[in-house]
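Chemist:
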């Protein structure tokens, strides 16, 4: 009896040790995968962007200045408003929401709760970027687990997801769109034999709180999986129908709460982008956006109809593609592939439909429009819903990477696959290092724009004025206002003083409302009847000339730190320069 008791105790102890080692092994694996993502983050930017106080890189970017400004205005709004993501102070002439400003509502709402403890200049986009690198790596690792159980092969393969060019390009161009791990998570769930209804719901809720395009892509993958499961199993059709109703209803509710359904958000765009059929082998843009030391660049740019469809594979990925094709031809298909084929087909069909939408009715090969064809009215309208339609190629891009890596790790020996992946990864990193070198300087530069407002007069504006009107040159579209240096400077000044600004760059803009307001203001200023509690920066030269020659009024107009400023009720503001007179009367302009 005693020996049995001892043996039983030893068995329990051994089981505990096994559980502890298994748990510690899992922690070690998670740590190593996360470390790969963190190293990729540091390789790409040197860690410059992580500090929340470093706002220089967001204010010197392409679209990031407007996204940061939207957050700065939103943090000053009351917590309770409807919708919760409303941002009326940012572009008050045609107000939008944080959804339309691409500020990552998930983080904007969270950090708004902490605003009392945040510094004046605070950006969370760098934290988000670091998190995305780690999650991108993690879900790449999980996806490769569908093809092999070998940790080393999965770890090597996950690095390709961490430095995927379509991901890297968006990290500092459109930070919200760097949440492409959501697409990977959707593909991972799609390859699961279980329905995973709760996981799908949670993923689509997160996607809705990050970016509309990521919601469309992950939602399309989800819908394809639901249809595929319903097609394969009659018994699952009723539960899947209830799941679909709940998922669509709850996701729509979240979209309503954060501000998707405002009038300007549902208007089709006048232009859209298209996928270039050669994008996998074109390494970026020749004018300052080269991505490869070896592969030729494209003569296109971001403003071209196909510029948004950047999809360069990278040299390492390109080298793996022919190898994977050869392995499919010469090596036998593993049993797991045959079993997983039924799960893979819905993903392929969903990705293919998104790719066809991205290609659209204008077929581009390189910088040439090969041919185009008209679409019926309703299809034309549907085709113009998404301005950045070329981005919808991403699920197909990632599916190609997954299948290429999956074939490599499942149809080669462990040593052979590890050797091939290591060599390809070295080529991939070396090739893409050109883009990493190009991006280091701009993202490491601190923000010095505030020093341009050197005059002490600006300090009096906060107590006197509650609204800034910025009138850009009439030739500049509201969609481009966020790139005007003086606009960024003045909008940030207004946000810090709790003011509102009349115009903003958003994903959707009510151009008619802005044009009406601008014409009304031009009439007011030309007659000397400026709005109360409002100061103006007038960079439209023709309108400024009319302001200077307006009839007798109490407005002050002149230049402060080189900016053309108009002030109503300027009495009591000390140190104002001499008022600028009408050029027609002989005064200096």
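Numbering (the numbering used here), first residue to last: 275 to 863. The beta carbon of each residue, even a glycine, is placed where N, CA and C say it ideally should be. Since the model is a prediction, treat every value here as computed from it, not as a measurement.
#1: Please look up how many angstroms separate the CB atoms of residue 585 and residue 537, rounded, as I've assumed it's under 8 Å.
#2: Would you report the Cα separation of residue 337 and residue 619, rounded to the nearest angstrom?
#3: Measuring only the C-alpha atoms, how far is residue 314 from residue 790?
#4: Specify, as a first and last residue, the run of the beta strand (DSSP E) that residue 639 falls within.
#5: Report the residue from 425, 324 and 569 whose alpha carbon sits nearest the alpha carbon of residue 707.
#6: Given that a residue counts as buried once 16 or more other Cβ atoms are within 10 Å of its Cβ, and exposed if not, what is residue 352?
#7: Ignoring anything shorter than 4 residues or poking outside the stretch 809 to 854, list the alpha helix (DSSP H) runs there in chain order.
#8: What is the rounded straight-line gap between the Cα of residue 349 and the Cα of residue 396?
#9: Would residue 853 be called buried (16 or more neighbouring beta carbons within 10 Å of its own) or exposed?
#10: Tell me whether the stretch 735 to 747 and the stretch 767 to 787 touch, counting them as touching only if at least three CB pairs, one residue from each stretch, are closer than 8 Å.
#11: Spatial neighbours of residue 422 within its chain, please: C-beta separation below 7 Å, excluding the five flanking residues on both sides.
#12: From 754, 403, 492 and 748, pick the residue whose C-alpha is nearest to that of residue 793; which is it?
#13: To which residues of the same chain is residue 295 closer than 6 Å at the C-beta, ignoring the five residues directly before and after it?
#14: Taking only three categories from DSSP, how would you classify residue 371?
#15: In its own chain, which residues sit with a C-beta less than 8 Å from the C-beta of residue 492, not counting the 5 before and 5 after it?
#16: Rounded to whole angstroms, what's the CA-CA distance from residue 654 to residue 634? Just pull it up for me.
#17: Residue 483 and residue 528 - do their beta-carbons sit closer together than 8 Å?
#18: Could you check how far apart the C-beta atoms of residue 765 and residue 343 are, in whole angstroms? I think they sit under 8 Å.
#19: Taking the C-alpha atoms as reference points, what is the distance between residue 468 and residue 701?
#20: Taking three-plus beta-carbon pairs below 8 Å as touching, is the stretch 374 to 384 in contact with the stretch 353 to 362?
#21: Starting from the Cα of residue 892, find the closest Cα among 489, 447, 496 and 490 and give me that residue.
#22: In this structure, how does DSSP classify residue 332 when only helix, strand and coil are distinguished?
#23: Would you grab the beta carbon distance between residue 676 and residue 417 for me? Rounded to a whole angstrom, and I think it's under 8 Å.
#24: Can you tell me whether residue 588 is buried or exposed? The criterion is at least 16 other CB atoms within 10 Å of its CB, across all chains shown.
#25: Count the other CB atoms, across all protein chains shown, that sit within 10 Å of the CB of residue 505; report buried if there are 16 or more and exposed otherwise.
#26: Out of curiosity, what's the CA-to-CA distance linking residue 831 and residue 838?
#27: With a CB to CB cut of under 6 Å and the five nearest residues on each side skipped, what residues in its chain are close to residue 551?
#28: Alpha carbon to alpha carbon, how far is residue 404 from residue 324? Give it in angstroms, no decimals.
#29: Ends of the alpha helix (DSSP H) at residue 517?
#30: Starting from residue 774, follow its DSSP beta bridges and name the residues at the other end.
#31: Would you kindly work out how many angstroms separate the C-alpha atoms of residue 309 and residue 316, rounded to a whole number?
#32: I believe residue 769 touches residue 347 by the beta-carbon criterion, under 8 Å. Please report the beta-carbon distance rounded to the nearest angstrom.
#33: If you compare alpha carbons, which of 658, 760, 642 and 737 is closest to residue 649?
#34: Can you tell me the Cα-Cα spacing of residue 474 and residue 516, whole angstroms?
#35: Just verifying my parser: in three-state terms, what is the DSSP assignment at residue 857?
Modeler: The relevant details are as follows:
#1: Indexing the chain shown from 1 puts residue 585 at position 311. Indexing the chain shown from 1 puts residue 537 at position 263. That pair is no contact at about 33 Å.
#2: Here residue 337 is taken as the residue at index 63 of the chain shown, counted from 1. Here residue 619 is taken as the residue at index 345 of the chain shown, counted from 1. So the alpha carbons of these two residues sit roughly 37 Å apart.
#3: For the purposes of this step, residue 314 is identified with residue 40 of the chain shown, where counting begins at 1. For the purposes of this step, residue 790 is identified with residue 516 of the chain shown, where counting begins at 1. Cα to Cα, residue 314 sits roughly 48 Å from residue 790.
#4: Stepping through the chain shown from its first residue, residue 639 is reached at position 365. Under the DSSP assignment, residue 639 falls in the beta strand (DSSP E) whose first and last residues are 636 to 639.
#5: Locating residue 707 in the chain shown gives position 433, counting from the first residue. The option with the nearest alpha carbon to residue 707 is 569.
#6: As a first step, residue 352 is located in the chain shown; it is residue number 78 there, counting from the start. By the neighbour-count rule (16 or more Cβ atoms within 10 Å), residue 352 is not buried but exposed.
#7: Uninterrupted alpha helix (DSSP H) stretches at least 4 residues long and entirely within the stretch 809 to 854 occur at 815 to 822, given in chain order.
#8: For this step, residue 349 is matched to residue 75 along the chain shown. For this step, residue 396 is matched to residue 122 along the chain shown. Residue 349 and residue 396: Cα-Cα distance of roughly 10 Å.
#9: Mapped onto the chain shown, residue 853 falls at position 579. An exposed status is given to residue 853, since fewer than 16 other beta-carbon atoms sit within 10 Å of its beta-carbon.
#10: Contact check between the stretch 735 to 747 and the stretch 767 to 787: three or more CB pairs, one atom from each, fall below 8 Å, which counts as touching.
#11: The sequence position of residue 422 within the chain shown is 148, counting from 1. Here the set comprises 428, 683 and 684.
#12: Locating residue 793 in the chain shown gives position 519, where the first residue counts as 1. Ranking 754, 403, 492 and 748 by Cα distance to residue 793 puts 748 first.
#13: Taking the chain shown and counting its residues from 1, one reaches residue 295 at position 21. The pLDDT assigned to residue 295 is 49, lower than 50, so where the model puts this residue is not dependable; a value taken from the coordinates is nonetheless given after this. Same-chain partners within the cutoff: there are none.
#14: Residue mapping note: residue 371 aligns to position 97 of the chain shown, counting from 1. DSSP places residue 371 in strand when its eight states are reduced to three.
#15: Here residue 492 refers to the residue found at position 218 of the chain shown. Excluding sequence neighbours, residue 492 sits near 456, 457, 459, 460, 477, 478 and 481.
#16: On the chain shown, residue 654 is found 380 positions in, with the first residue counted as 1. On the chain shown, residue 634 is found 360 positions in, with the first residue counted as 1. Going by the C-alpha atoms only, they are around 10 Å apart.
#17: For the purposes of this step, residue 528 is identified with residue 254 of the chain shown, where counting begins at 1. For the purposes of this step, residue 483 is identified with residue 209 of the chain shown, where counting begins at 1. With respect to residue 483, residue 528 sits close: the two C-beta atoms are nearer than 8 Å.
#18: Locating residue 765 in the chain shown gives position 491, counting from the first residue. Locating residue 343 in the chain shown gives position 69, counting from the first residue. Taking C-beta atoms under 8 Å as the contact rule, residue 765 and residue 343 qualify, at a distance of about 5 Å.
#19: Residue numbering aside, residue 468 sits at position 194 when the chain shown is read from its first letter. Residue numbering aside, residue 701 sits at position 427 when the chain shown is read from its first letter. Taking C-alpha positions only, residue 468 is separated from residue 701 by approximately 37 Å.
#20: For the pair of segments examined, the stretch 374 to 384 was found to touch the stretch 353 to 362: the number of CB pairs separated by less than 8 Å reaches three.
#21: In this structure the chain extends from 275 to 863, so residue 892 is not present and cannot be described.
#22: Here residue 332 refers to the residue found at position 58 when the chain shown is read from its first residue. Looking at residue 332 - three-state DSSP - the assignment turns out to be helix.
#23: Here residue 676 refers to the residue found at position 402 when the chain shown is read from its first residue. Here residue 417 refers to the residue found at position 143 when the chain shown is read from its first residue. Contact between residue 676 and residue 417 holds, since their C-beta atoms are separated by about 6 Å, short of 8 Å.
#24: For the purposes of this step, residue 588 is taken as residue 314 along the chain shown, with counting starting at 1. So residue 588 counts as buried.
#25: Sequence index remark: in the chain shown, residue 505 carries index 231 (1-based). By the neighbour-count rule (16 or more Cβ atoms within 10 Å), residue 505 is not buried but exposed.
#26: Numbered from its first residue, the chain shown carries residue 831 at position 557. Numbered from its first residue, the chain shown carries residue 838 at position 564. One alpha carbon belongs to residue 831, the other to residue 838, and they sit about 7 Å apart.
#27: By 1-based counting over the chain shown, the position of residue 551 is 277. Contacts found: 639.
#28: As a first step, residue 324 is located in the chain shown; it is residue number 50 there, counting from the start. As a first step, residue 404 is located in the chain shown; it is residue number 130 there, counting from the start. For the pair residue 324 and residue 404, the Cα-to-Cα distance works out to about 7 Å.
#29: Here residue 517 is taken as the residue at index 243 of the chain shown, counted from 1. Counting along the chain, the alpha helix (DSSP H) containing residue 517 begins and ends at 511 to 532.
#30: One-based indexing of the chain shown puts residue 774 at position 500. According to DSSP, residue 774 bridges with 741.
#31: The sequence position of residue 309 within the chain shown is 35, counting from 1. The sequence position of residue 316 within the chain shown is 42, counting from 1. Those two C-alpha atoms are separated by around 10 Å.
#32: As a working mapping, residue 769 is identified with position 495 in the chain shown. As a working mapping, residue 347 is identified with position 73 in the chain shown. The distance from the Cβ of residue 769 to that of residue 347 is about 5 Å, consistent with a contact at the 8 Å cut-off.
#33: Here residue 649 corresponds to residue number 375 of the chain shown, with the count starting at 1. Among 658, 760, 642 and 737, the Cα nearest to that of residue 649 belongs to 658.
#34: For the purposes of this step, residue 474 is taken as residue 200 along the chain shown, with counting starting at 1. For the purposes of this step, residue 516 is taken as residue 242 along the chain shown, with counting starting at 1. About 13 Å.
#35: Counting from one through the chain shown, the residue named residue 857 turns up at place 583. The three-state reading of DSSP puts residue 857 in helix, counting H, G and I together.
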